[in-house]
Amino acid sequence: MIQIENLSVRAGDFRIQNVSLTVPSGRYGVLMGKTGSGKTTILETVLGLRDASMGRIVLGDLDVTGLNPAVRGVGYVPQDGALFSSMTVRDHLDFALMIRKTPKPACQQRVEELAELLGIENLLDRKPHGLSGGERQRVALGRALSFQPKVLCLDEPLSALDDDTRVRMCDLLSDVQKKTGTTTLHVTHNRDEAERLADYLFRIRDGQIQQVRPES
Amino acid sequence: MSSTPPTSEGHGSFPESSAEGHAPAPGREPSASQIGISNAVFYALFVVMGGTYVVLIVGMLIADAAYMTEKTFDGITSEGRSLLSVISHNPISTALADKRIQHSIWLSLISCTMSAVISVMIAIPMGYLISRHDFRGKRLLDAVLDIPIVLPPLVIGLSLLILFQFPPFRWIARDVVYQVPSVVLAQFSVACAFAVRTMKATFDHINPRCEDVAITLGCSRAQAFGWVLLPEAERGILTAFTLAWARSLGEFGPLLIFSGATRMKTEVLSTSVFLEMNVGDIEAAVAVSFIMVMAAVVVLILTRMIGSNHHAIQ
Numbered sequence: 001m002i003q004i005e006n007l008s009v010r011a012g013d014f015r016i017q018n019v020s021l022t023v024p025s026g027r028y029g030v031l032m033g034k035t036g037s038g039k040t041t042i043l044e045t046v047l048g049l050r051d052a053s054m055g056r057i058v059l060g061d062l063d064v065t066g067l068n069p070a071v072r073g074v075g076y077v078p079q080d081g082a083l084f085s086s087m088t089v090r091d092h093l094d095f096a097l098m099i100r101k102t103p104k105p106a107c108q109q110r111v112e113e114l115a116e117l118l119g120i121e122n123l124l125d126r127k128p129h130g131l132s133g134g135e136r137q138r139v140a141l142g143r144a145l146s147f148q149p150k151v152l153c154l155d156e157p158l159s160a161l162d163d164d165t166r167v168r169m170c171d172l173l174s175d176v177q178k179k180t181g182t183t184t185l186h187v188t189h190n191r192d193e194a195e196r197l198a199d200y201l202f203r204i205r206d207g208q209i210q211q212v213r214p215e216s
Numbered sequence: 217m218s219s220t221p222p223t224s225e226g227h228g229s230f231p232e233s234s235a236e237g238h239a240p241a242p243g244r245e246p247s248a249s250q251i252g253i254s255n256a257v258f259y260a261l262f263v264v265m266g267g268t269y270v271v272l273i274v275g276m277l278i279a280d281a282a283y284m285t286e287k288t289f290d291g292i293t294s295e296g297r298s299l300l301s302v303i304s305h306n307p308i309s310t311a312l313a314d315k316r317i318q319h320s321i322w323l324s325l326i327s328c329t330m331s332a333v334i335s336v337m338i339a340i341p342m343g344y345l346i347s348r349h350d351f352r353g354k355r356l357l358d359a360v361l362d363i364p365i366v367l368p369p370l371v372i373g374l375s376l377l378i379l380f381q382f383p384p385f386r387w388i389a390r391d392v393v394y395q396v397p398s399v400v401l402a403q404f405s406v407a408c409a410f411a412v413r414t415m416k417a418t419f420d421h422i423n424p425r426c427e428d429v430a431i432t433l434g435c436s437r438a439q440a441f442g443w444v445l446l447p448e449a450e451r452g453i454l455t456a457f458t459l460a461w462a463r464s465l466g467e468f469g470p471l472l473i474f475s476g477a478t479r480m481k482t483e484v485l486s487t488s489v490f491l492e493m494n495v496g497d498i499e500a501a502v503a504v505s506f507i508m509v510m511a512a513v514v515v516l517i518l519t520r521m522i523g524s525n526h527h528a529i530q
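Protein chains in written order, with the working numbering: chain L, 1 to 216; chain S, 217 to 530.
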């Protein structure tokens, strides 16, 4: 479950006050809003990259408000993928497991699982340089899912893709989310993407979050 | 509503032009030939202005080489030596055979490398903090870091000398001032500022999201820095090292004051040029200058090669 309760955040001169939303366990939540509406700020607060000035964030059964982002157990796919240019795709999928000192055979198995799930088996030994937009986002998604997080946060992950790739990536995201059962919060300004993916659809406008689907 | 006649509201901002349709714009239309000539003049001017500097640099190097060649062949004609003796009797080989120059070359290589390594070690954390964090006094710190760049080199040497009059520096002054460590310290004082600037620019260009992602994956700040940011900054680190090394090689003013110009002790290549010029041996001075040029070129090529290899792997 992702539960945002009466959250207030300040980012420079920008301010979000007293917003709430809940995505139940195992469901796909989409937060839709225009550029500059504060949706990324909210996502960053869930991730712990930004401090909440008021309110609570609960992930699963755990109140993570004020908790270090490293121990929140949230997978993160940023807009541009933010791949590590010096690492191979395999290293990306391996990275979080390496940090957790997971034994080698288990790492290898997990990498193979993820590569198959995302259809990137043939990219494992390549570096990000030269990967297509869709491939980059698959790698970023694999990296975020590698440590089997309870929650996945996606920040406009498909905005840099062409229409065909976007449709295919939407199907992949939906498929992967169903297979892994990871509670997901996806932020986008694209209505079509939101309609396709959302079990729970929220719209942010003028600093207010309104639940669109299912109607509350 | 019905009383209002249909108006051209959409064209309201340009009523005159819309009324007259395709009215000619006042003045002359630009002609293709004029634009062509103007562009040609523009580039010609820029190439000439920029090229002047390149001609100056290459000209200096060619003049050095020509001078040495002339001196080498002067020796052949005046002393009646064979053409093959060029290899053993030329200003560079004569300079290289000199024990004092040999000492100077070694000290230069070692001190420049040490000062560049220390500069990079300091520049990485400093560049990171300035690039990634906002804190009180950041602008002041930025200005302080420019001091070694804008200060006259002699003043840096003098200031170092004065600094070692005061404790705690005074306690180690005997082992530093006019000794070999002073050479490294004088070179480092200036070179580090350039390395910090380079590292800051490097970190500025690396997407901070990469670190954010690493942290959400379970990294501490140090782990994110070591595993993600540092490998991304590899080329910047190499550039900072090269710049600091080259800067150290060219350092002279602070060395003269803070280290002295004692032969076989604190003499580095730039000091050698000065000392040879002082005794009127221009041939030797030019030869040592040429050795410096070659050393700088070798370091530049090496770092470029390492850098481009790394890039090719990516």
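The beta-carbon is built from N, C-alpha and C at its ideal position, and this holds for glycine as well.
Bear in mind that the values here come from a model prediction, so they are computed numbers and not experimental data.
Strictly under 8 Å for the Cβ-Cβ distance: is residue i near chain S by that measure?
{"i": "P157 (chain L)", "result": "no"}
{"i": "R110 (chain L)", "result": "no"}
{"i": "A115 (chain L)", "result": "no"}
{"i": "V74 (chain L)", "result": "yes"}
{"i": "L277 (chain L)", "result": "Residue 277 (chain L) is absent from the model: chain L starts at 1 and stops at 216."}
{"i": "F14 (chain L)", "result": "no"}
{"i": "R168 (chain L)", "result": "no"}
{"i": "S53 (chain L)", "result": "no"}
{"i": "S132 (chain L)", "result": "no"}
{"i": "I4 (chain L)", "result": "no"}
{"i": "F95 (chain L)", "result": "yes"}
{"i": "F202 (chain L)", "result": "no"}
{"i": "I42 (chain L)", "result": "no"}
{"i": "G99 (chain L)", "result": "Note that residue 99 (chain L) is Ile in the sequence shown here, rather than Gly. Yes, contact with chain S."}
Taking the beta strand (DSSP E) that residue i belongs to, which residues open and close that run?
{"i": "F202 (chain L)", "result": "200-205"}
{"i": "N122 (chain L)", "result": "Neither: N122 (chain L) is in no beta strand (DSSP E) and is coded neither H nor E."}
{"i": "E215 (chain L)", "result": "Careful: E215 (chain L) lies outside any beta strand (DSSP E) and carries neither H nor E."}
{"i": "T218 (chain L)", "result": "Chain L is shown from 1 up to 216; residue 218 (chain L) falls before or after that span and cannot be answered."}
{"i": "L152 (chain L)", "result": "151-155"}
{"i": "V9 (chain L)", "result": "2-11"}
{"i": "V393 (chain S)", "result": "Here V393 (chain S) belongs to no beta strand (DSSP E), and DSSP marks it neither H nor E."}
Check whether chain L comes within 8 Å of residue i, counting only Cβ atoms and requiring the distance to be less than that.
{"i": "I303 (chain S)", "result": "no"}
{"i": "Q403 (chain S)", "result": "no"}
{"i": "E245 (chain S)", "result": "no"}
{"i": "P447 (chain S)", "result": "yes"}
{"i": "V444 (chain S)", "result": "yes"}
{"i": "Q530 (chain S)", "result": "The pLDDT assigned to Q530 (chain S) is 36, lower than 50, so where the model puts this residue is not dependable; a value taken from the coordinates is nonetheless given after this. Yes, its Cβ sits closer than 8 Å to a Cβ of chain L."}
{"i": "F230 (chain S)", "result": "Unreliable placement is indicated for F230 (chain S), whose pLDDT of 45 sits below 50; the coordinate value is still reported in the next sentence. So, not an interface residue."}
{"i": "P222 (chain S)", "result": "A caution first: P222 (chain S) carries a pLDDT of 44, below 50, which makes its placement in the model too unreliable to give a value."}
With respect to the alpha helix (DSSP H) encompassing residue i, which residues constitute its N-terminal and C-terminal limits?
{"i": "A144 (chain L)", "result": "133-145"}
{"i": "I453 (chain S)", "result": "450-466"}
{"i": "G36 (chain L)", "result": "Element bounds for G36 (chain L): n/a, residue is neither H nor E."}
{"i": "I317 (chain S)", "result": "315-348"}
Output yes or no for whether 8 Å exceeds the beta carbon distance between residue i and residue j.
{"i": "N255 (chain S)", "j": "A82 (chain L)", "result": "no"}
{"i": "Y76 (chain L)", "j": "C153 (chain L)", "result": "yes"}
{"i": "C426 (chain S)", "j": "F202 (chain L)", "result": "no"}
{"i": "P157 (chain L)", "j": "Q137 (chain L)", "result": "yes"}
{"i": "P69 (chain L)", "j": "L93 (chain L)", "result": "no"}
{"i": "T180 (chain L)", "j": "L145 (chain L)", "result": "yes"}
{"i": "V406 (chain S)", "j": "E467 (chain S)", "result": "yes"}
{"i": "R126 (chain L)", "j": "T182 (chain L)", "result": "no"}
{"i": "I292 (chain S)", "j": "S301 (chain S)", "result": "yes"}
{"i": "A460 (chain S)", "j": "V336 (chain S)", "result": "yes"}
{"i": "A511 (chain S)", "j": "L465 (chain S)", "result": "yes"}
{"i": "G452 (chain S)", "j": "T418 (chain S)", "result": "yes"}
{"i": "I57 (chain L)", "j": "T40 (chain L)", "result": "no"}
Thinking C-alpha only, which one of the options is nearest residue i?
{"i": "Q211 (chain L)", "options": "L:V30, L:E113, L:M1, L:A160", "result": "L:V30"}
{"i": "K354 (chain S)", "options": "S:I498, S:K416, S:T487, S:G452", "result": "S:K416"}
{"i": "Q17 (chain L)", "options": "L:M32, L:Y28, L:G48, L:G38", "result": "L:G38"}
{"i": "R90 (chain L)", "options": "L:P105, L:A70, L:N190, L:V111", "result": "L:V111"}
{"i": "V396 (chain S)", "options": "S:L345, S:A409, S:I326", "result": "S:I326"}
{"i": "M276 (chain S)", "options": "S:V509, S:P246, S:F289, S:V515", "result": "S:V509"}
{"i": "D290 (chain S)", "options": "S:A359, S:H305, S:Q318, S:A438", "result": "S:H305"}
{"i": "L471 (chain S)", "options": "S:A503, S:F410, S:S398, S:V489", "result": "S:S398"}
{"i": "L117 (chain L)", "options": "L:S174, L:P78, L:K150", "result": "L:S174"}
{"i": "L401 (chain S)", "options": "S:T432, S:T455, S:S475", "result": "S:S475"}
(Q) Against chain L, which members of the region 420-440 of chain S pass a CB distance test of less than 7 Å? (A) For the region 420-440 of chain S, which is checked against every Cβ of chain L, the residues closer than 7 Å are N423, R425, C426, D428, V429, I431, T432, L433, G434, C435, S436, Q439.
Q) Listed from N- to C-terminal order along the chain, which residues in the region 333-363 of chain S have their beta-carbon within a distance smaller than 8 Å of any beta-carbon of chain L? A) Listed in sequence order: no entries.
Q) Looking at chain S, which residues of the region 60-87 of chain L have a Cβ within less than 9 Å of any of its Cβ atoms? A) Against chain S - using a Cβ distance shorter than 9 Å - the residues of the region 60-87 of chain L are N68, P69, A70, V71, R72, G73, V74, G75, Y76, V77, P78, Q79, D80, G81, A82, L83, F84, S85, S86, M87.
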